[in-house]
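Enquirer: Pasting in a structure now, in structure tokens, and then I'll have a few things to ask.
Protein chains in written order, with this note's numbering: chain A, 6 to 147; chain B, 11 to 121.
Here you go:
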């Protein structure tokens, strides 16, 4: 039985939207270098870029100025066919379960971020930890 | 955000010279579109040829432009969507809202 390869990245960047592209593009590189992935790599790369971008933008938005830590922490962990992405925020937090699916008939300009994350990942949770709130996204790699 | 603006027989083409349309620059796009509409521009074609990534805030900025143009009885159409960008419109059902053309030439002749 061969050992499963593990990739673990921990990234800390300033809590600013200018770093969305850096982290999103890094996730694309991870998707394109995965071993033994048989699915559509280009699609996976785009989707990981998107969910990280959405989660980070959400974390920045939910960190009020008074609590706004100067840095944001993101972890990407892959073991075998399980991919986990964790995005930490220092804000007051929110109730993920209370966020409804968007009303597709209403032309609201906001409210699609969590929907996109839920659509593209297999499991999404949001909880408080000792290191702040964390949005954890899991995907089974086919 | 870098935006090139061209006039074509009463229509204004905005070419977005950015690879990404996300929470970092979507506010700039929203403001630029609103400024044009408030200045009297009423027929807009948004050329997304160079945009290879869009997030929910980018979609929201385009929706804002569409709504503001419609309020002024104007037109607001999209052109040149890359396949992954197009897929985001489909996932959020926004392809049913916008008129989307393969390229600017089609948008100018048919919109």
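In this text, a Cβ means the ideal position worked out from N, Cα and C, and glycines have one as well. None of these values were measured; they are calculated from a predicted model.
List the residues of chain A whose Cβ lies closer than 9 Å to the Cβ of residue 79 of chain B, in chain order.
Expert: In chain order: nothing, as chain A lies at least about 12 Å away.
Enquirer: Give me the chain A residues within the contact set of residue 103 of chain B, using Cβ-Cβ distance strictly less than 9 Å, ordered along the chain.
Expert: 107, 109 and 110
Enquirer: Taking DSSP's pairing of strands, which residues face residue 4 of chain A in a bridge?
Expert: For residue 4 of chain A there is no data in the structure shown, the boundaries of chain A being 6 and 147.
Enquirer: Give a yes or no on whether 7 Å exceeds the smallest Cβ distance from residue 68 of chain A to chain D.
Expert: In summary, chain D is missing from the structure at hand, where the protein chains are A and B.
Enquirer: Do you know whose CA, among B:66, B:11 and B:19, lies nearest residue 2 of chain A's CA?
Expert: There is no way to answer for residue 2 of chain A, as the model of chain A reaches only from 6 to 147.
Enquirer: Less than 8 Å between the CB atoms is what I'm expecting for residue 14 of chain A and residue 33 of chain A, so what's the real figure, rounded?
Expert: Actually they do not touch by this definition, with Cβ atoms about 13 Å apart.
Enquirer: Could you have a look at residue 111 of chain B and say whether DSSP puts it in helix, strand or coil?
Expert: Looking at residue 111 of chain B - three-state DSSP - the assignment turns out to be strand.
Enquirer: Between residue 118 of chain A and chain B, is the shortest Cβ-Cβ distance under 7 Å, so that the two count as touching?
Expert: Nearest CB-CB separation between residue 118 of chain A and chain B: below the 7 Å threshold.
Enquirer: For the beta strand (DSSP E) containing residue 17 of chain B, name the first residue and the last one.
Expert: 13–18
Enquirer: Spatial neighbours of residue 83 of chain A within its chain, please: CB distance less than 6 Å, with the 5 preceding and 5 following residues excluded, ordered by chain position.
Expert: 12
Enquirer: Which chain A residues sit within Cβ distance under 8 Å of residue 83 of chain B?
Expert: Result: empty, since nearest Cβ-Cβ is about 17 Å, beyond 8 Å.
Enquirer: For residue 66 of chain B, would you say it is in contact with chain A, using Cβ-to-Cβ distances shorter than 7 Å as the test?
Expert: yes
Enquirer: Are there three or more Cβ pairs, one per stretch, closer than 8 Å when the stretch 36–46 of chain B is compared with the stretch 85–99 of chain A?
Expert: no
Enquirer: For the beta strand (DSSP E) containing residue 24 of chain B, name the first residue and the last one.
Expert: 21–26
Enquirer: Does any residue of chain B bring its CB to less than 7 Å from the CB of residue 59 of chain A?
Expert: yes
Enquirer: For residue 110 of chain B, tell me which candidate among B:90, B:102 and B:77 has the shortest Cα-Cα distance.
Expert: Per the Cα distances, B:90.
Enquirer: Quick one: give me the first and last residue of the beta strand (DSSP E) that residue 38 of chain A is part of.
Expert: First-last for residue 38 of chain A: 25–38, but that is the alpha helix (DSSP H), not the beta strand (DSSP E).
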